[in-house]
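Numbering (the UniProt record's numbering), first residue to last: 1 to 203.
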């Protein structure tokens, strides 16, 4: 937390208005006296002797800086989540219809990141190549030529569209992000994955 924000809150937290009625478990349920107390010196004022939730009305102007830094929520706000799967760009997601067209034509690059035994149990989408999630980082650290040669893919360069799927979209989201971080900027996620595929193709 920046010391600008700290100084703004320091007076309130030491005042009589900071009473035990604000002291209650937070989203991460840790104790301030154990984890947030700081040694007093010229640059780091002593804060938070008691575990508690800071009233929203007091520090709402500092919410963008304060909440993610402290790691727990302010009273009157929703819990903060840093899950990548909750911050999804719609352009990164492909539909069942789109995947079906690619699978039937055999022209798309679709990678299944489930474990082999899951494919045996739940089936697989036609024309997909299996690269389990645990192997994705190593695989996409390769050049397109090396990756294609090892896994039988048809990737010409890092701009080719690559679609990932798993069981329900979470692991394939991770795989997409790993691929993009390695330069494969057209990687996408079939969020519905095999769960949606099986439900719609078996109707």
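The beta-carbon is built from N, C-alpha and C at its ideal position, and this holds for glycine as well. Small disclaimer: the values here were computed from a predicted structure and weren't measured.
Next on the checklist: Taking only three categories from DSSP, how would you classify residue 181?
Outcome noted: helix
Next on the checklist: Whole angstroms are fine: how far does the CA of residue 201 sit from the CA of residue 138?
Outcome noted: 33 Å
Next on the checklist: Quick check on DSSP: helix, strand or coil for residue 212?
Outcome noted: Given a span of 1 to 203 for the chain in the structure shown, any question on residue 212 remains unanswerable.
Checklist entry - Under a Cβ-count criterion, where at least 16 other Cβ atoms within 10 Å of its own Cβ denotes burial, should residue 192 be classed as buried or exposed? => result buried
Checklist entry - By how many angstroms is the C-alpha of residue 127 removed from the C-alpha of residue 106? => result 6 Å
Next on the checklist: Quick check on residue 135: does DSSP put it in helix, strand or coil?
Outcome noted: helix
Checklist entry - Hey, would you say the C-beta of residue 108 is under 8 Å away from at least one heavy atom of the ligand HEM? => result No copy of the ligand HEM occurs in the structure displayed, which carries no ligand at all.
Checklist entry - When DSSP labels each residue in this structure, what does residue 109 get in the three-state scheme? => result coil
Next on the checklist: Going by DSSP in three states, residue 93 sits in which element: helix, strand or coil?
Outcome noted: Residue 93: strand per DSSP, three-state reduction.
Next on the checklist: Which same chain residues end up closer than 7 Å to residue 196 when comparing Cβ atoms and leaving out the 5 residues on each side of it in sequence?
Outcome noted: For residue 196, the CB contacts under 7 Å within the same chain, skipping 5 residues up- and downstream, are 96 in chain order.
Item to check | Counterpart residues of residue 165 in DSSP-defined beta bridges | outcome: 112
Item to check | Test item: CB-CB of residue 111 and residue 89 under 9 Å | outcome: no
Item to check | DSSP state of residue 99 mapped onto helix, strand, coil | outcome: helix
Item to check | Where residue 198 sits in the DSSP three-state scheme | outcome: Helix.
Checklist entry - Going by alpha carbons, who is nearest to residue 178 out of 134, 98, 151 and 148? => result 134
Checklist entry - By a C-beta neighbour count over all protein chains shown, 10 Å radius and 16 as the cutoff for buried, is residue 103 buried or exposed? => result A buried status is given to residue 103, since no fewer than 16 other beta-carbon atoms sit within 10 Å of its beta-carbon.
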